[in-house]
Amino acid sequence: MHQYLKAIGFGNLSTKRELKEILNQVENNYTHQTVISYNESIDFCELQKDFGQGIGIALYGEMDEKEKFDADYYIPYFKGNGVTTFSEVTVEKRIDREQYVGICEDPKVGISLIFCVKNGVEYKKECQFGTISGLNTSVTFSGLALSGKILFPVKKSPQQIESVSEASDNRRNLLSAARNGDQTAIETLTLDDIDIYSQVSRRLLHEDVFTIVDTYFMPYGVECDIYSIMGEILDVIEIENQVTKEKIYQLRLDVNELQFDVCVPKSEVLGEPGIGRRFKGTIWLQGEINF
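FYI, the numbering used here numbers position 144 of the sequence shown as 145, with every residue one higher than the one before it.
Spelled out as structure tokens, the structure:
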């Protein structure tokens, strides 16, 4: 049973029989279908069913010439809004099944972001048409979280906000230059990192770590598309799973200047989310490539 079914309101599923009933609903009453041809007798099919605003389950498998569907695997999904990043995207197929992971580098974060491609069938179709070469495009991220905590914001003066913004812009420019082999930029970044480490070490003697660290985006565990995040809440929406009636928060976050939506069960959130406060949790990162 997929661990992140809980994130979209199916936390009460406990047996394979209950899961099969839900998957049968997806197969028989899907809200969206995408089909691509493998050969003359077999098609690969994606069936999606929404169970609330922006949340649902996608079922993948093969369909033969008699339109008999043979399910292979499924994933819970959450559809984000807007555009999170513009960058070059590399897409790789998983070894064990017809599923794709995407990799992109955004200078705001400084690391390679690996995500589950939600519209992998659409990507496969674009590949068949031969319209993809050097994929420079935008990506819409979204995250599924099993739980989370709400933290108060860090109070900053207008001068501090301006200073942080200026430092962030300078660091992005240096990272871009360093990737192009600029030795001076590499040395400057190294010295900056040493200075930051020294400043943080001194401040930790008298301050809480979450006062010093305002926001972060870090890989978590051994799964390549799982991240630990903390970001400012820009918007809060409460929705309901149409089947289980579980309440779910959909939070619009600003994490390291990346803006995307996160879905988390209301019962598993410690604290009351509000605009300006911060959300801290672990997410499964999904992304939709905008072709």
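We treat Cβ as the ideally placed atom computed from N, Cα and C, and that holds for glycine.
query: Other residues of its chain near LEU14: CB distance less than 8 angstroms, five sequence neighbours each side excluded; result: MET2, LEU6, LEU20 and ILE23
query: From THR32, ILE276, ILE112 and TYR39, residue whose alpha carbon lies closest to that of GLU233; result: ILE276
query: Straight-line gap, HIS33 to GLY81 (C-alpha atoms, nearest Å); result: 17 angstroms
query: PHE87 beta carbon less than 9 angstroms from that of GLY103; result: no
query: Pick from LEU259, GLN100, ARG279 and LYS281 that is closest to PHE142, judged by C-alpha positions; result: LEU259
query: Beta-carbon gap between GLY10 and GLY53 smaller than 9 angstroms; result: yes
query: Euclidean distance between Cα positions of LYS67 and PHE45; result: 13 angstroms
query: Where PHE292 falls: helix, strand or coil (DSSP); result: coil
query: contact_flag[the segment 37 to 51, the segment 207 to 227] where n(CB pairs < 8 angstroms) is 3 or more; result: no
query: Counted within 10 angstroms of its Cβ, other Cβ atoms place GLN69 as buried (16 or more) or exposed; result: It should be noted that the sequence gives Lys, not Gln, for residue 69. Answer is exposed; the Cβ neighbour count stays below 16.
query: Contact under 9 angstroms by Cβ, GLN100 with VAL118; result: yes
query: Proximity below 9 angstroms, CB of LYS125 to CB of PHE280; result: no
query: GLY12 beta carbon less than 9 angstroms from that of GLU188; result: no
query: LEU1 (DSSP reduced to helix, strand or coil); result: No answer is possible for residue 1: it lies beyond the span of the chain, which begins at 2 and ends at 292.
query: GLU208 versus ILE58 - alpha carbon distance; result: 43 angstroms
query: Limits of the beta strand (DSSP E) - the one that VAL27 falls within; result: Where VAL27 is concerned, there is no enclosing beta strand (DSSP E), although the alpha helix (DSSP H) it sits in stretches over 17 to 29.
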